[in-house]
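A.B. asks: Residues in the sequence shown are numbered consecutively from 22, following our numbering. For glycine and all other residues, C-beta sits at the position ideal for the given N, C-alpha and C. Structure in structure tokens, see below.
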Amino acid sequence: MEVIVSKFGGSSMADYDAMTRSAKVANLHHSNIIVVSAVYGVTNHLVSISTKSCADDWEKVSEILNDIKTKHYNIINKLPENKELKATVDKLLNELTTLAKGIYLLKECSPRTYDSLVSFGERLSSAIFTEVLKLNTKKEASLFDIRDVLITSDDFNKAAPLIEKISKECDKRLANLVNQDRVYVTQGFIGRSTEGHTTTLGRGGSDYSASLIAEGVKADVLQIWTDVAGIATTDPRIVKEAKLIDEITFSEAAELATFGAKILHPTTLTPALRAKIKVFVGSSYEPEAKGTWIKPKVDNAPLVRAMAKKSEQALVTLSTPKMLDAHGFLFEIFKVFNDFKVSVDSITTSEISVAMTIEKDVINNKKFFAELSTLGEVKIEKDLALVSLIGNEINHTANLAKRVFSCIKDINVRMICLGASKHNFCFLVNEEQSNAAIQGLHKEFIA
Ligand code: ADP
Ligand code: ASP
Ligand code: MG
């Protein structure tokens, strides 16, 4: 028997129709374990509860809580009378309200509290989707709490999965439950620390959860069902002529995900690749469309396969004459990055300066910058986006740079990274010019 893990994102959970459509897709595509995101928009709502509660705006918080309730009740009300489901949902909504009130009263939302707060999205959607699924399958459908197997570090907000523990718990609690007559619905995005606290894997993390569970139960296939019919040559919201890709290698797809293509959370493919699981990306709105298969090897390897952008980047430049002819300097810089758990997306260096891109939120980390400033003069530039070309042999192809820069000649390029990966060529531009850069590149290299 082939074991299939399917993940449905927020738009596939948006309302009763979307949930019904997704349930039918899961049934038709023989899912054994279904990982779901929160109902569309609910995680954003939960995130704003944390800020509005802290900002003393209980009226706004109440409005949001009501809206969350309405979104879920609109679905429940379309189902046959189900007292048990209503009781489950009411219990979750009451808990959520109490937690929001606690944050409001204390004016404090620690990373641990934040994770408990945002976990309600997936806990609510999975309970409701299980009942929708029951109406659309002959199999026995049940809800499974992913936190019983998805064990993580206690780095709240962006917890790291503990792979060996996940594998052990999956063996013990999930793998032998999987059979042809049963289907399990579980939550994406959330996990549990070894101390028993709810954690989350970072925004968009449900793809990653699904891949981790697929690895844990030694699945054969991971299906990612979303709102576009597969991976395209770029985000169709930026270039509407973007073409769907039938097949793509793990390396190319991973590069796309890392460099901002929202279709896959950056780390989605790591567990699947490790466990040699085939990955499919398709649309729950058009399940009959071809979709994209991600494989270790594919027949064609074009110079440029796709392009992506990563928004909300900041550029940190550190300069000091001490770097001249000195050794150990980069080590000292990266030690600071390591101590503060800050990751660098791209980097260039010159004789006396290093320029690195980081996520914009890091800018608020005063202690980190204070420490960095002890090593040299630090400059920060904001509102930037990293634009990437993804393909093959990109670092070995004559004339490529000329083609890239002539099609974006009116755009100021702040930094360039080429050479480290044969799959990637990326450069930094102002956020407001990033779509134009992608459109120019797409015209030159794809259509
Ligand atoms: P889900 O809620 O299902 O996880 P997301 O919104 O996270 O869905 O991801 C799907 C979106 O990713 C698409 O609607 C599309 O706008 C965007 N996207 C970005 N890059 C690509 C790409 N290369 N191919 C397809 N979609 C992309
Ligand atoms: N619901 C979470 C989010 O919106 C996780 C996900 O959808 O992947 O970030
Ligand atoms: Mg997503």
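Which residues in the same chain have their Cβ closer than 8 Å to the Cβ of A196, if we skip the five residues on either side of it in sequence?
C.D. replies: Indexing the sequence shown from 1 puts residue 196 at position 175. Excluding residues within five positions, the ones whose Cβ falls inside 8 Å are G237, V238, K239.
A.B. asks: Note down the Cα distance separating K318 from A274, rounded to an integer number of angstroms.
C.D. replies: As a first step, residue 318 must be located in the sequence shown, where it is residue number 297. As a first step, residue 274 must be located in the sequence shown, where it is residue number 253. Near 12 Å, if we compare the C-alpha coordinates of A274 and K318.
A.B. asks: Within the continuous beta strand (DSSP E) that includes L405, where are the two ends?
C.D. replies: Along the sequence shown, read from residue 1 onward, the residue named residue 405 stands at position 384. From DSSP, the beta strand (DSSP E) with L405 extends over 398 to 412.
A.B. asks: Less than 7 Å separating the Cβ of G303 from some heavy atom of the ligand ADP?
C.D. replies: As a working note, residue 303 is residue 282 in the sequence shown. No, the beta carbon of G303 sits no closer than 7 Å to any heavy atom of the ligand ADP.
A.B. asks: Indicate, with yes or no, if the ligand ADP has a heavy atom lying under 7 Å from the CB of S455.
C.D. replies: On the sequence shown, position 434 is the one that residue 455 refers to. No, Cβ of S455 sits at least 7 Å from all heavy atoms of the ligand ADP.
A.B. asks: Check L145 in the structure and name its three-state DSSP category.
C.D. replies: Counted from its first residue, the sequence shown places residue 145 at position 124. L145 falls in the helix class under three-state DSSP.
A.B. asks: CB R224 to CB K160, shorter than 8 Å?
C.D. replies: Along the sequence shown, read from residue 1 onward, the residue named residue 224 stands at position 203. Along the sequence shown, read from residue 1 onward, the residue named residue 160 stands at position 139. Their beta carbons are not under 8 Å apart, which means R224 does not touch K160 by this criterion.
A.B. asks: What residue range does the beta strand (DSSP E) around L233 cover?
C.D. replies: The count along the sequence shown starts at 1 and reaches residue 233 at position 212. That residue, L233, is in no beta strand (DSSP E); its alpha helix (DSSP H) goes 227 to 237.
A.B. asks: To which residues of the same chain is S230 closer than 7 Å at the C-beta, ignoring the five residues directly before and after it?
C.D. replies: In the sequence shown, the residue the question calls residue 230 occupies position 209. Within the same chain, S230 has close Cβ partners V56, I167, L171, G209, F210, L222.
A.B. asks: Look at the alpha carbon of T215 and the alpha carbon of T418, and state the distance between them as a whole number of angstroms.
C.D. replies: In the sequence shown, residue 215 corresponds to position 194, counting from 1. In the sequence shown, residue 418 corresponds to position 397, counting from 1. Rounded to whole angstroms, T215 to T418 spans 48 Å at the Cα level.
A.B. asks: Alpha carbon to alpha carbon, what distance is there between V249 and K261?
C.D. replies: Taking the sequence shown and counting its residues from 1, one reaches residue 261 at position 240. Taking the sequence shown and counting its residues from 1, one reaches residue 249 at position 228. About 12 Å.
A.B. asks: Do L233 and I284 have their beta-carbon atoms positioned less than 8 Å apart in this structure?
C.D. replies: Working through the sequence shown from its first residue, we reach residue 284 at position 263. Working through the sequence shown from its first residue, we reach residue 233 at position 212. Taking 8 Å as the Cβ cut-off, I284 and L233 do not qualify as a contacting pair.
A.B. asks: How many angstroms separate the CA atom of L243 from the CA atom of E23?
C.D. replies: Numbered from its first residue, the sequence shown carries residue 243 at position 222. Numbered from its first residue, the sequence shown carries residue 23 at position 2. So the alpha carbons of these two residues sit roughly 11 Å apart.
A.B. asks: Would a check of beta-carbon distances place P342 closer than 8 Å to chain C?
C.D. replies: The structure shown contains no chain C, having only a single protein chain.
A.B. asks: Examine the Cβ distances between the segment 396 to 406 and the segment 324 to 338 and report whether three or more of them are shorter than 8 Å.
C.D. replies: Enough Cβ pairs lie closer than 8 Å, so yes.
A.B. asks: Compare the C-alpha of A327 against each of I266, E452, C75, S371 and name the closest.
C.D. replies: Taking the first residue of the sequence shown as 1, we reach residue 327 at position 306. Of the candidates I266, E452, C75, S371, the one whose C-alpha sits nearest the C-alpha of A327 is I266.
A.B. asks: Whose beta carbon lies closer than 5 Å to any heavy atom of the ligand MG, going through the chain in order?
C.D. replies: Taken from the N-terminal end onward, the list reads G30, G225.
A.B. asks: Do the segment 72 to 85 and the segment 110 to 130 touch if we need at least three Cβ pairs shorter than 8 Å?
C.D. replies: Yes, the segment 72 to 85 touches the segment 110 to 130.
A.B. asks: Residues bridged to G303 by DSSP?
C.D. replies: Residue numbering aside, residue 303 sits at position 282 when the sequence shown is read from its first letter. Paired residues: W246.
A.B. asks: Spell out the partners DSSP gives G212 in its beta bridges.
C.D. replies: In the sequence shown, counting from the first residue as 1, residue 212 sits at position 191. Paired residue(s): T220.
A.B. asks: By DSSP's criteria, V206 is part of a beta bridge. Which residues make up the other side?
C.D. replies: On the sequence shown, residue 206 is found 185 positions in, with the first residue counted as 1. According to DSSP, V206 bridges with I55, L164.
A.B. asks: Between the segment 428 to 441 and the segment 450 to 461, are three or more C-beta pairs nearer than 8 Å?
C.D. replies: Touching, yes.
A.B. asks: Using the rule of at least 16 other Cβ atoms within 10 Å of the residue's Cβ for burial, across every protein chain shown, is D136 buried or exposed?
C.D. replies: For the purposes of this step, residue 136 is taken as residue 115 along the sequence shown, with counting starting at 1. Counting Cβ neighbours within 10 Å, D136 comes out buried, since at least 16 surround it.
A.B. asks: Quick one: which unbroken beta strand (DSSP E) runs of 3-plus residues sit fully inside the segment 270 to 327? Chain order, please.
C.D. replies: Here the runs fully enclosed are 299 to 304, 313 to 316.
A.B. asks: So is the beta-carbon of T64 under 7 Å away from any non-hydrogen atom of the ligand ASP?
C.D. replies: Here residue 64 refers to the residue found at position 43 of the sequence shown. Within the cutoff, so yes.
A.B. asks: Closest to K99 by C-alpha separation, out of F271, F355, T41, would be which residue?
C.D. replies: Taking the sequence shown and counting its residues from 1, one reaches residue 99 at position 78. Among F271, F355, T41, the Cα nearest to that of K99 belongs to T41.
A.B. asks: Under 7 Å from any heavy atom of the ligand ASP, does the C-beta of E372 make it?
C.D. replies: What you label residue 372 is simply residue 351 of the sequence shown in a count that begins at 1. Not under cutoff, so the answer is no.
A.B. asks: What does the alpha-carbon distance come out to for the pair F29 and G62?
C.D. replies: Taking the first residue of the sequence shown as 1, we reach residue 29 at position 8. Taking the first residue of the sequence shown as 1, we reach residue 62 at position 41. When rounded, the distance between both Cα atoms is 14 Å.
A.B. asks: Would you call the segment 378 to 389 in contact with the segment 340 to 348, where contact means no fewer than 3 C-beta pairs closer than 8 Å?
C.D. replies: Too few Cβ pairs lie closer than 8 Å, so no.
A.B. asks: Whole angstroms is fine: what's the gap from L313's alpha carbon to I373's?
C.D. replies: Counted from its first residue, the sequence shown places residue 313 at position 292. Counted from its first residue, the sequence shown places residue 373 at position 352. Before going further, note that residue 313 is Thr rather than Leu in the sequence given. C-alpha separation (whole angstroms): 45 Å.
A.B. asks: Looking at the structure shown, is V357 part of a helix, part of a strand, or coil, going by DSSP?
C.D. replies: Position 336 of the sequence shown, counting from 1, holds the residue named residue 357. Three-state DSSP puts V357 in a helix.
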